[in-house]
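**Student:** What follows is a structure written as structure tokens; I'll ask about it next.
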Amino acid sequence: MQEAPKRLESGTPAFRRLNLALFAAGFATFAILYCVQPLLPVFSEEFHVSPAVSSLSLSLTTGLLAVAMLVTGTLSEVWGRKPVMVASLLSSAALTILSAAAPNWQILLLARVLMGITLSGLPAVAMAYVSEEVHPKSIGLAMGLFIGGNAIGGMAGRLVSGALTDLGSWRLAIGTIGGLGLIAAILAWRSLPNSVHFLPRRARPVELLRSFADHLRDSGLRYLYAEAFLLMGAFVTLYNYLGYRLMAAPYGLSQTAIGAIFVIYLIGTASSTWVGDLAGRLGRERVFWVMIAVTLGGALLTLFDPLLMILAGMVTVTFGFFGAHSIASSWVGRRAAHSKAQASALYLFCYYFGSSAVGTLGGVFWARTGWWGVVGLVAVLLSLGLALAFRLMRLPPVEAEDGAGT
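Going by my numbering, the sequence shown opens with residue 87, and the numbers climb by one from there.
Written out as structure tokens, the structure reads:
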């Protein structure tokens, strides 16, 4: 009998190629997704829209992304992981370049809606790919590096868009991000190892819907899905309206300076990798709640007026959030007994739905109660996340397909 192919382990050339490909894929996806975030005040001024309406350029994308991932995650169970991921990256980069020429606000929003659909083919599928192809002992590290690529991509997209908007225009900024996305997509296509543990399924809608129901019956997965909504909603809300606060008196920061604040995302790169590895050694449930508490503490720090205190708070928020997300996302892949892409898609549906719904709701709080209202909303969300984290600690482990309890 032929021996089954081994799973990828850290330290091997194949594992390094996988990490390079996933890092590039995460970079491209999140640079494209979040390049508009520091431009929200620019859109408000140029298109004469309110902060809440301006935030739709991000919220509509993440909202459609959340829904579309339920479909693309399912399609990858039939078509395979790598083809769906590569098609997603290339089409999203092309749409980004086209959106730079949008003649009005409505066309720009339409392009961002379509990007929500095309971008959906990567995040959930990548999580499933890692859970299938990587050795259990190396999953935390691989997922941490993937999320690190997400963090650097999100940072680079915001930083480049802020600087190029000051130097030229927002159109130049978004077009440049699209070009970088094309390069990263080609790199991912060339470097990503083909799946060897993927087993295609027939496109039977009833069976696929039954898989979703199976995941939702597990209380541990339900808690993790709720955590995704709460954590991402809190995180995006803080960053969405930070620019409005810091461009106003007494700070008066430029667009370039606002974009430069997203260098803080480098902290997320480090924390996602380090915390993911730490959780693999000490136990996810022991580290997860600590990261949520760190995120809450950072949000409260931003209530102080000195700029250094605000920045220290955002550093703390970023460290805690990416650490918590690294743990939760890998936890979903390990806890799901089957159809891992669908389990990951449900997690990311809640993740991006939180970004879309709470990110826009935060604009209402900003308009009515200022920064104190924004932080108050975030504090409520993170407190609920802490309560769920303690519930997760008390759940018994389940047996995944490979026999490893989680």
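Note that the Cβ used here is the ideal one computed from N, Cα and C, for glycine as well.
Treat the numbers as computed from the prediction; the structure is a model and nothing was measured.
What did DSSP end up calling Val246 once you bin it into helix, strand or coil?
**Tutor:** helix
**Student:** Among the candidates Pro127, Ile272, Trp458 and Leu146, whose CA atom is the shortest distance from the CA of Pro137?
**Tutor:** Pro127
**Student:** Have a look at Tyr433 and Tyr311 and give me their C-alpha separation to the nearest angstrom.
**Tutor:** 5 Å
**Student:** In angstroms with no decimal places, state the Cα-to-Cα distance between Val403 and Leu316.
**Tutor:** 14 Å
**Student:** What distance in whole Å lies between the Cβ atoms of Leu175 and Ala271, which are believed to be in contact at a cut-off of 8 Å?
**Tutor:** 4 Å
**Student:** Whole angstroms is fine: what's the gap from Gln192's alpha carbon to Ile378's?
**Tutor:** 37 Å
**Student:** Leaving out five residues on either side along the sequence, give the residues of the same chain with a beta carbon under 6 Å from the beta carbon of Ser277.
**Tutor:** Arg103, Leu106 and Ala107
**Student:** At what residue ranges does the stretch 120-201 contain a whole run of the alpha helix (DSSP H), taking only runs of 4 or more?
**Tutor:** 126-133, 137-140, 142-165 and 167-185
**Student:** Check the C-beta distance from Phe129 over to Ser140 and give it rounded, since I have them as a contact under 8 Å.
**Tutor:** Indeed, because the Cβ distance is near 4 Å, the residues count as touching under 8 Å.
**Student:** What is the DSSP secondary structure of Pro482, counted as helix, strand or coil?
**Tutor:** coil
**Student:** Taking the C-alpha atoms as reference points, what is the distance between Gly248 and Val466?
**Tutor:** The alpha-carbon atoms of Gly248 and Val466 are separated by roughly 30 Å.
**Student:** Cα separation between Leu200 and Gly149?
**Tutor:** 11 Å
**Student:** Tell me Leu94's beta-bridge partners as DSSP assigns them.
**Tutor:** Val220
**Student:** How about Arg244 and Tyr438: do their beta carbons lie closer than 9 Å?
**Tutor:** no
**Student:** In three-state terms, what does DSSP make of Thr262?
**Tutor:** helix
**Student:** Relative to the C-alpha of Leu352, which residue among Gly234, His221 and Leu397 is closest?
**Tutor:** Gly234
**Student:** Counting C-beta neighbours from all protein chains within 10 Å, is the total for His301 16 or more, i.e. buried, or is it exposed?
**Tutor:** His301 sits buried, since 16 or more C-beta atoms from the chains shown fall within 10 Å of its C-beta.
**Student:** The alpha helix (DSSP H) that contains Asn530, what's its start and end?
**Tutor:** In this structure the chain extends from 87 to 492, so residue 530 is not present and cannot be described.
**Student:** Leaving out five residues before and five after Ser281 in sequence, what residues of the same chain have Cβ atoms less than 8 Å from its Cβ?
**Tutor:** Gly166, Arg167, Lys168, Tyr215, Glu218 and Glu219
**Student:** What did DSSP end up calling Ser441 once you bin it into helix, strand or coil?
**Tutor:** helix
**Student:** I need the boundaries of the alpha helix (DSSP H) containing Gly419, first residue and last residue.
**Tutor:** Here the alpha helix (DSSP H) through Gly419 covers Leu393 to Arg421.
**Student:** Exposed or buried, which one is Phe476 when buried takes at least 16 other CB atoms within 10 Å?
**Tutor:** exposed
**Student:** According to DSSP, is Ser358 part of a helix, a strand, or is it coil?
**Tutor:** helix
**Student:** How long is the line joining the alpha carbons of Ser441 and Gly319, rounded to whole angstroms?
**Tutor:** 5 Å
**Student:** Which two residues bound the contiguous alpha helix (DSSP H) that contains Val373?
**Tutor:** Arg370 to Leu387
**Student:** Roughly how many angstroms lie between the CA atoms of Asp363 and Gly230, to the nearest whole one?
**Tutor:** 8 Å
**Student:** Buried or exposed, going by whether 16 or more other CB atoms sit within 10 Å of the CB of Ser162?
**Tutor:** buried
**Student:** What residue range does the alpha helix (DSSP H) around Gly345 cover?
**Tutor:** Its alpha helix (DSSP H) spans residues Gln341 to Ala346.
**Student:** Can the beta-carbon of Gly354 be found less than 9 Å from the beta-carbon of Gly462?
**Tutor:** no
**Student:** In the structure shown, what three-state DSSP assignment does Pro209 receive?
**Tutor:** DSSP, read as helix, strand or coil, puts Pro209 in helix.
**Student:** Hey, how far is the Cα of Gly207 from the Cα of Ala173?
**Tutor:** Distance between the alpha carbons of Gly207 and Ala173 is about 8 Å.
**Student:** Can you find the residues in the same chain that come closer than 7 Å, C-beta to C-beta, to Ala212, ignoring five residues on each side of it along the sequence?
**Tutor:** Leu108, Ala111, Met171 and Phe232
**Student:** Do Gly267 and Ile413 come within 9 Å of each other at the CB atom, strictly closer than that value?
**Tutor:** no
**Student:** Less than 9 Å between the beta carbons of Ser96 and Ala228, yes or no?
**Tutor:** yes
**Student:** Val153 and Phe435 look like a contact to me (Cβ under 8 Å); what is the Cβ gap, rounded to whole Å?
**Tutor:** That pair is a contact at about 7 Å.
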